[in-house]
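Asker: Below you will find the structure I want to go over with you.
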Amino acid sequence: MEKKKKSGFIIACTAPAIILFIIFMIIPTIDVFRMSMYKWGGYTAEKTFVGFENFKKLSSNPKFYQAFQNSILLIVVVTLVTFCLSLVFASILSREKIKGQNFFRIVFYIPNILSVVVISAIFSAIYDPNQGLLNSFLSLFRGDKEPILWLGSPKLVIYSVAIAMVWQAVGYYMVMYMASMANVPESLYESASLEGAGRVSQFFSITLPLVWTNIRTTLTFFIISTINMSFLMVKAMTSGGPDGASNVFLSYMYQEAYTNSSYGYGMAIGVTVFIFSFALAGILNAVTKRDEIEF
Amino acid sequence: MKMKKVLCTLMAAAMALSVAACGNSGGNAGDTQSAPAEDTNTAEDTSAAEDTAAPEETTEAEAPESDAEGEAQAETGATGTLKVAAVETAYGADMWNEVCAAFEASHEGVTIELTVDKNLEDVITPEMKSGVYPDVILRAVGAASGLTETFVKDNNLVDLTDVLSMTVPGESGTVGDKILPGFVENSICNPYGDGKTYLMPMFYGPCGLFFDQGLFTAKGWEVPETWDEMWELGDKAKEEGIALFTYPTAGYFDAFFYALLHESMGNDKFQEALRYGEGIWDTPEAQQVFDIIEKLATYTESTTPANANDNDFQKNQQLILDDKALFMPNGNWVIGEMAEAPRAEGFEWGFTALPAVTAGGERASYSFFEQVWMPAGAENQDLGKEFIAFLYSDAAAEIFAKSGAVQPIQGMTDKLDGDNKLYYSIYDNGAVAVMDAFAATEAVEGITTRATFFDPVNSLVTGDKTKEDWVNQIKADSDALRAALKE
Numbered sequence: 004m005e006k007k008k009k010s011g012f013i014i015a016c017t018a019p020a021i022i023l024f025i026i027f028m029i030i031p032t033i034d035v036f037r038m039s040m041y042k043w044g045g046y047t048a049e050k051t052f053v054g055f056e057n058f059k060k061l062s063s064n065p066k067f068y069q070a071f072q073n074s075i076l077l078i079v080v081v082t083l084v085t086f087c088l089s090l091v092f093a094s095i096l097s098r099e100k101i102k103g104q105n106f107f108r109i110v111f112y113i114p115n116i117l118s119v120v121v122i123s124a125i126f127s128a129i130y131d132p133n134q135g136l137l138n139s140f141l142s143l144f145r146g147d148k149e150p151i152l153w154l155g156s157p158k159l160v161i162y163s164v165a166i167a168m169v170w171q172a173v174g175y176y177m178v179m180y181m182a183s184m185a186n187v188p189e190s191l192y193e194s195a196s197l198e199g200a201g202r203v204s205q206f207f208s209i210t211l212p213l214v215w216t217n218i219r220t221t222l223t224f225f226i227i228s229t230i231n232m233s234f235l236m237v238k239a240m241t242s243g244g245p246d247g248a249s250n251v252f253l254s255y256m257y258q259e260a261y262t263n264s265s266y267g268y269g270m271a272i273g274v275t276v277f278i279f280s281f282a283l284a285g286i287l288n289a290v291t292k293r294d295e296i297e298f
Numbered sequence: 071m072k073m074k075k076v077l078c079t080l081m082a083a084a085m086a087l088s089v090a091a092c093g094n095s096g097g098n099a100g101d102t103q104s105a106p107a108e109d110t111n112t113a114e115d116t117s118a119a120e121d122t123a124a125p126e127e128t129t130e131a132e133a134p135e136s137d138a139e140g141e142a143q144a145e146t147g148a149t150g151t152l153k154v155a156a157v158e159t160a161y162g163a164d165m166w167n168e169v170c171a172a173f174e175a176s177h178e179g180v181t182i183e184l185t186v187d188k189n190l191e192d193v194i195t196p197e198m199k200s201g202v203y204p205d206v207i208l209r210a211v212g213a214a215s216g217l218t219e220t221f222v223k224d225n226n227l228v229d230l231t232d233v234l235s236m237t238v239p240g241e242s243g244t245v246g247d248k249i250l251p252g253f254v255e256n257s258i259c260n261p262y263g264d265g266k267t268y269l270m271p272m273f274y275g276p277c278g279l280f281f282d283q284g285l286f287t288a289k290g291w292e293v294p295e296t297w298d299e300m301w302e303l304g305d306k307a308k309e310e311g312i313a314l315f316t317y318p319t320a321g322y323f324d325a326f327f328y329a330l331l332h333e334s335m336g337n338d339k340f341q342e343a344l345r346y347g348e349g350i351w352d353t354p355e356a357q358q359v360f361d362i363i364e365k366l367a368t369y370t371e372s373t374t375p376a377n378a379n380d381n382d383f384q385k386n387q388q389l390i391l392d393d394k395a396l397f398m399p400n401g402n403w404v405i406g407e408m409a410e411a412p413r414a415e416g417f418e419w420g421f422t423a424l425p426a427v428t429a430g431g432e433r434a435s436y437s438f439f440e441q442v443w444m445p446a447g448a449e450n451q452d453l454g455k456e457f458i459a460f461l462y463s464d465a466a467a468e469i470f471a472k473s474g475a476v477q478p479i480q481g482m483t484d485k486l487d488g489d490n491k492l493y494y495s496i497y498d499n500g501a502v503a504v505m506d507a508f509a510a511t512e513a514v515e516g517i518t519t520r521a522t523f524f525d526p527v528n529s530l531v532t533g534d535k536t537k538e539d540w541v542n543q544i545k546a547d548s549d550a551l552r553a554a555l556k557e
């Protein structure tokens, strides 16, 4: 009887959250899956059921593969570079005694507070072929050669976007790593240095294993945020151009769903992204599984 | 105990999903970034209150003859509330408020609920999805949202052919007689090619090549009349470190491409090309167009593709103002857009139709125009048509013209002055007006005309694609679009 009362109370307490969650998360998600089976313009009530037709078209569309490639490239490059940089910065800022530590902490974190539109405006100015910071600096070494089109060359543009994304993300992950590094007991480092371990081996044998759980969590964040942020960056910086060369998953989905009267097809892209990011996060989680080290 | 397990599983699933669902939300960002609701301009508050009082008084006085009254009102159209939705462009929202007030004043018992917004789609889409449509919509084809195209593709428009034979309210002529020739008989207004008009032409503006007249005068250069002269001028300018050509974004090639195609092919083949005619892109005329654009790419200011996006396109337009490039394709809105921008000394806007393909041949200028139309779900169709007819009255045209919005109405260009006169008189000086666009198709997933026809120009300029790559893509996509043509 007592138990029943207790579970009744739990249900009553969690019900509002669960109901809201179902209405605003589960039902829309199911709806995305359902809509991907329709041919629908998006504005009117007229829909035709087409089964897996949208997915078939998707699988034979080179533009989708281009967007897919760009997304994967961004996920890999941005994750790797950001991960390494923020780990190194975090360990330097938390382990070493440097002047102006707080200053650097703030400087690294600032890009994260800025809105994407501001960031893309900053980088548009940096990448400007004629008056941009980057080309002006490079002209010291290259002389008066033709300017490099950072956002204009189909081969370079995605890397230009990647650099902006790394710059934006480093501070955030650095703070996350610093938080867990602060929890590592000082005594471990002391005994290690007594044993004669250098800074680098301390980093690899003590710091890294002890913040591993945190790293695993951030890897999932990397996937999700890269997919989302790349859309915002591309939308604000290049509009997917030139010639579609910087399209990523979601910018391509947006283009199809909202400008090509192909809402259903757009949702099919959404479903693909959903499954892809789920699978990737799962794989990463499995691959990085280690026995937890306690301290 | 079991209950607890179920609950735990549910909540764990909830957490897992909420993480994953984030990956999806990005796609909707455009939808949620809609303009604040305050921006929506509802004329209803200002004018409706006074007017609704009037019919009540009459019904009281003539209560026994309510039937007769109904008939009398049927003559002038109908009473009721008309929902009008118009996009706010550079012309501003005031003119719409005024026109609606004028319509209400001349049509007793009519109230207009006006929605004017820069992001019109974001405002009206939620209601449309639930089946409540505005009666009259002003939104041009070619907008990023593809609102008008979607209604065309879905066969969701009211046939407006009979509006052409309606008498303009308060005047003696019909709407059809008043509209300039060519503006109704084109593939935009007759999207299905069945001789029926579904979209009505509204404000128009000629598109062509813009340049710095001051620079030409100072250097003693002539504005080229043929493409051969254009290349000569390009070489001359190159020696002075000035590029021949630039473009704001590749999307601006639509007007350019249509006009050039018309010059090269003549109207019959042009119409065939717009319907993605089989083998049309292999004809020598089409090849000539591709050759010209390919050559033009080599004369284009080399940094243009880097700024050819929605964010930085004004930097490309600035090249003209700074005398770093000679010509760019554009419409007359560019003057307002760049009004505040710094410019070279002695700068003066110049405007010309495209150079002719052969000496003495046709010179074309694409006429961009907006359209007004009625969705099939409109409730007050008769009143809506009456309203559209009213938009072509002198009274309405005058209100629009005050804001700089010019309609394709007979005699309208005579009333213009100043800069506007220069642009609109281009057709009086022998340029052929081209008004069509690619024919309507069912939505073809993964293929947009912009990505197929115009975006690759960026790659032509950077040298990442060859003309052959481009033409092959056009041919392949044309096949798919042809198969989806509306009959």
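Top line first, the protein sequences correspond to chains E and V. Counting along the first sequence from 1, when you hit position 203 you're at 206 in my numbering, and nothing is skipped either side. Counting along the second sequence from 1, when you hit position 163 you're at 233 in my numbering, and nothing is skipped either side. Every residue gets a Cβ at the ideal spot worked out from N, C-alpha and C, and that includes glycine. Here the structure is a predicted model, which means the values were calculated and not measured.
According to DSSP, SER435/V sits in a beta bridge with which residue or residues?
Answerer: Answer by DSSP bridge pairing, in chain order: ALA503/V.
Asker: Please report how far the alpha carbon of VAL274/E lies from the alpha carbon of LYS7/E, in whole angstroms.
Answerer: Cα-Cα distance, rounded: 40 Å.
Asker: So PRO245/E and ASN400/V are in contact, right, with Cβ under 8 Å, and what is the actual spacing, rounded?
Answerer: Going by Cβ atoms, the distance from PRO245/E to ASN400/V rounds to 19 Å, so no, they are not a contact pair.
Asker: Starting from GLU342/V, trace the alpha helix (DSSP H) both ways and give me its first and last residue.
Answerer: Note, GLU342/V: alpha helix (DSSP H), 323-344.
Asker: To be precise: take each residue of the stretch 378-391 of chain V, compare its Cβ to all Cβ atoms of chain B, and keep it if any distance is under 7 Å. Which residues remain?
Answerer: The displayed structure is made up of protein chains E and V, and chain B is not among them.
Asker: Run through chain V and tell me which residues come within less than 8 Å of TRP153/E, C-beta to C-beta.
Answerer: Chain V residues near TRP153/E: ALA376.
Asker: Is there contact here, the stretch 391-409 of chain V with the stretch 262-274 of chain V, by at least three beta-carbon pairs under 8 Å?
Answerer: At 8 Å Cβ cutoff, the stretches do not touch.
Asker: Kindly indicate the opening and closing residues of the beta strand (DSSP E) around GLY420/V.
Answerer: Element bounds for GLY420/V: 419-422.
Asker: From GLU538/V to GLU355/V, what distance separates their C-alpha atoms?
Answerer: Cα to Cα, GLU538/V sits roughly 16 Å from GLU355/V.
Asker: Beta-carbon of VAL202/V versus every beta-carbon of chain E: anything under 8 Å?
Answerer: It does not; no Cβ of chain E falls within 8 Å.
Asker: By Cβ distance, which residues of its chain are closer than 7 Å to ALA475/V, with the 5 residues on each side in sequence left out?
Answerer: So the qualifying residues of the chain are TYR161, MET165 and PHE273.
Asker: Taking beta-carbon pairs under 8 Å, can you tell me which members of the stretch 533-553 of chain V lie near chain E?
Answerer: Here the close residues are ASP534 and LYS535.
Asker: Let's see if you can read the secondary structure: which residues bound the alpha helix (DSSP H) around LYS7/E?
Answerer: Counting along the chain, the alpha helix (DSSP H) containing LYS7/E begins and ends at 5-24.
Asker: Verify the CB distance criterion: does GLY103/E have a CB-CB separation below 8 Å to chain V?
Answerer: No, its Cβ sits nowhere closer than 8 Å to a Cβ of chain V.
Asker: Tell me which residues of the stretch 240-258 of chain E have at least one Cβ-Cβ distance to chain V shorter than 7 Å, keeping chain order.
Answerer: Going along the stretch 240-258 of chain E in chain order, one finds MET240, THR241, SER242, GLY244, PRO245, ASP246, GLY247, LEU253, MET256 and TYR257 with a Cβ nearer than 7 Å to chain V.
Asker: Is the shortest distance between the beta-carbon of SER242/V and the beta-carbons of chain E less than 8 Å?
Answerer: It does not; no Cβ of chain E falls within 8 Å.
Asker: For PRO132/E, return the contacting residues in chain V, with the cut-off set at a CB-CB distance below 7 Å.
Answerer: THR373 and ALA376, listed in chain order.
Asker: So what does DSSP say about PHE273/V, is it helix, strand or coil?
Answerer: If DSSP states are grouped into helix, strand and coil, PHE273/V belongs with the strands.
Asker: Which class does ASP282/V belong to by DSSP, given the choice of helix, strand or coil?
Answerer: Here ASP282/V sits in strand by DSSP.
Asker: Label PHE27/E either buried or exposed according to how many other C-beta atoms from any shown protein chain fall within 10 Å of its C-beta, with 16 as the threshold for buried.
Answerer: It counts as exposed.
Asker: If the criterion is Cβ atoms closer than 8 Å, does the pair ALA329/V and LEU424/V meet it?
Answerer: Their beta carbons are under 8 Å apart, which means ALA329/V touches LEU424/V by this criterion.
Asker: Please list the terminal residues of the continuous alpha helix (DSSP H) segment that includes GLU299/V.
Answerer: Run containing GLU299/V: 297-309, per the alpha helix (DSSP H) assignment.
Asker: Taking DSSP's pairing of strands, which residues face PRO399/V in a bridge?
Answerer: According to DSSP, PRO399/V bridges with LEU279/V.
Asker: Whose C-alpha, out of SER548/V, GLU178/V and LEU303/V, is nearest the C-alpha of TRP351/V?
Answerer: Among SER548/V, GLU178/V and LEU303/V, the Cα nearest to that of TRP351/V belongs to SER548/V.
Asker: How would you label ASP525/V, buried or exposed, when you count the other beta carbons within 10 angstroms and need 16 or more for buried?
Answerer: Under this definition ASP525/V is a buried residue.
Asker: Grab the span of the alpha helix (DSSP H) containing PHE234/E for me, first residue to last.
Answerer: Here the alpha helix (DSSP H) through PHE234/E covers 215-240.
Asker: State the DSSP-derived secondary structure class of TYR41/E, mapped to helix, strand or coil.
Answerer: Strand.
Asker: Using only alpha-carbon positions, find the residue among LYS365/V, LEU389/V, ARG433/V and SER463/V that is nearest to THR536/V.
Answerer: Comparing Cα positions, the closest option is LYS365/V.
Asker: Any idea if ASN542/V is buried or exposed, counting beta-carbon neighbours within 10 angstroms, 16 or more meaning buried?
Answerer: Exposed: under 16 other Cβ atoms inside 10 Å.
Asker: Taking just the CA atoms, how far does PHE111/E sit from LYS3/E?
Answerer: One cannot answer for residue 3/E here, as it falls past the ends of chain E, which runs 4 to 298.
Asker: Within this structure, are the beta carbons of GLY54/E and MET40/E separated by less than 8 Å?
Answerer: In contact: GLY54/E and MET40/E (Cβ atoms closer than 8 Å).
Asker: Taking only beta carbons into account, state which residues of the stretch 512-525 of chain V come closer than 7 Å to chain E, listed in chain order.
Answerer: Residues passing the 7 Å Cβ filter: ALA513, GLU515, GLY516, THR518, ALA521 and ASP525.
Asker: Can you confirm whether ALA214/V, when its beta carbon is compared against all beta carbons of chain E, has any partner nearer than 8 Å?
Answerer: It does; some Cβ of chain E falls within 8 Å.
Asker: When burial is assigned at 16 or more other CB atoms within 10 Å of the CB, is LYS66/E buried or exposed?
Answerer: Label assigned to LYS66/E: buried.
Asker: Can you tell me whether ASP187/V is helix, strand or coil according to DSSP?
Answerer: Residue state, collapsed to three classes: strand.
Asker: In its own chain, which residues sit with a C-beta less than 7 Å from the C-beta of PHE340/V, not counting the 5 before and 5 after it?
Answerer: The residues are LEU331 and HIS332.
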